[in-house]
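Novice: Got a structure for you, written out below as structure tokens; questions coming shortly.
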Amino acid sequence: MVVTREGIPVEYTFTPSSSHDMQGLKQMPLNLPEGSTLYADAAYTDYTTEEMIADDWIRLLAARKANSKRPHEP
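In terms of UniProt numbering, the sequence shown is residues 1 to 74.
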């Protein structure tokens with residue numbers, strides 16, 4: 001589910017409980033304003049998907065592990 005900063009849902013999808021979280025994100029059209037930022041937990045760490053989303057001027061900030069080779073810039 002994607003929500004606004006105020007907590008209002010703007011996109012959602014349903015997936016089987018056995019599917020990876022990233023599959024749900026990939027199913028969403030992400031019709032978000034340019035410059036939007038998506039905050040996610042570590043399950044959403046997928047560099048290829050991050051780059052694809054960035055092509056649409058949307059930033060995916062997934063929580064990174066301490067030893068990540070691609071930490072987020074402060």
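Note that CB positions come from ideal geometry on N, CA and C, so glycine has one too.
Please read all numbers here as calculations on a predicted model, not as lab measurements.
1) Below 7 Å CB to CB, which residues in the same chain sit around V10 once its five sequence neighbours on both sides are set aside?
2) Given the structure, does T45 come close to the ligand GDP, in the sense that its CB is under 7 Å from one of the ligand's heavy atoms?
3) Less than 8 Å between the beta carbons of D41 and A63, yes or no?
4) Thinking C-alpha only, which one of A43, E73 and W57 is nearest P33?
5) Tell me the residue span of the alpha helix (DSSP H) that contains T48.
Specialist: Let me spell this out:
1) Translated into the one-based positions of the sequence shown, residue 10 becomes position 10. V2, V3 and T4, listed in sequence order.
2) In the structure on display, the ligand GDP does not appear, and there are no ligands present to speak of.
3) In the sequence shown, residue 41 corresponds to position 41, counting from 1. In the sequence shown, residue 63 corresponds to position 63, counting from 1. Going by C-beta atoms, D41 is nearer than 8 Å to A63.
4) Stepping through the sequence shown from its first residue, residue 33 is reached at position 33. Of the listed residues, the one whose Cα sits closest to P33 is W57.
5) By 1-based counting over the sequence shown, the position of residue 48 is 48. Counting along the chain, the alpha helix (DSSP H) containing T48 begins and ends at Y47 to D55.
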